[in-house]
Amino acid sequence: MAAAVWSPADGFPVLRTARTVLREITRADASALFAFRSDPEEQRHNDSPLTEAGQAVDLVDRLARDHRERSALRWGLTLAGEDVVVGLLGFNSWDVHHGRADVGYDLSRRLWGRGLAAEAMTAVLDFGFDRMALQRIEIWTESANVRSVRMAERLGFVREGTLRGYVRADDPPTAGGDGGTRHDVDVFGMLRSDR
Ligand SMILES: CC(C)(COP(=O)(O)OP(=O)(O)OC[C@H]1O[C@@H](n2cnc3c(N)ncnc32)[C@H](O)[C@@H]1OP(=O)(O)O)[C@@H](O)C(=O)NCCC(=O)NCCS
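In this text, residue positions in the sequence shown follow the numbering used here: the first is 10, and each later residue adds one.
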């Protein structure tokens, strides 16, 4: 029998893989979150880097609110045996009605190149299809974000199209910013029937 669809009343789900544990992020993790989310190189193709510790606390609070409202579900990534948050991944937006969500991921730069993010993502995808009743999962990533594109392909996502000039290059906007330079974004999709 299929497991019941997850709801916030069930509590925050903890997911485990061979090398990672994915768990809820709390305010106690704000400084760990700040450590990797403030790295401009790591955030080059992602959200703007955090510049003040208070922004990490705001992010933790936003994640908790999204989780309560079932509009998103994002996990803190820890290495098995070390309860320090070194990554943030999960469903950025969740459309319950259409059974659709998009996933995002980031990992502390010192841990890149070990397959940890991809390994953790397999648990996230299983949870999405098996416990959130998703029919479709998407990845939106800048086309120039080579590691992210490679990971999407390695996970079995299908490249469905490229949105040309979709985001501005100077994000956050700079004074007199260069609205002329823009970045393409690739959209990848995985249907339940693709698995
Ligand atoms: C995107 C991101 C999470 C990918 O992390 P990553 O560690 O590069 O990717 P993976 O987890 O798929 O690891 C794959 C790499 O580990 C290597 N690897 C080593 N051991 C491995 C193993 N046991 N299993 C799989 N891969 C392994 C692979 O060969 C591969 O190397 P390559 O990149 O040279 O081809 C990371 O680059 C990141 O945090 N980027 C910044 C945030 C960001 O831009 N997020 C995307 C927003 S849309």
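Ideal Cβ placement from N, Cα and C applies to all residues, glycine included.
Ala65 sits in a helix when the DSSP states are folded into three classes.
By a beta-carbon distance limit of 8 Å, Gln144 contacts Gly108. Their separation comes to about 4 Å. Per DSSP, Ser16 is not a residue of any beta strand (DSSP E), being assigned neither H nor E. Between the beta-carbon of Glu50 and that of Arg118 there is about 6 Å, and that keeps the pair under the 8 Å contact cut. Ala65 is a Cβ neighbour of Ala39, given a cutoff of 8 Å. Fully contained in the region 128-164 are the following alpha helix (DSSP H) runs of length 4 or more, in chain order: 155-163. At the C-beta level, Ile146 and Val94 stay beyond 8 Å of one another. At a Cβ-Cβ threshold of 8 Å, Phe45 and Asp92 do not count as neighbours.
Distances between the C-beta of Ser157 and the heavy atoms of ligand 1 include at least one below 7 Å.
Of Gly198, Ala142, Leu200, Asp179, the smallest CA-CA separation from Asp56 is found for Asp179.
For the pair Val176 and Arg191, the CB atoms are nearer than the 8 Å cut-off. Counting only runs that start and end inside the region 39-97, the beta strand (DSSP E) elements of at least 3 residues fall at 82-88.
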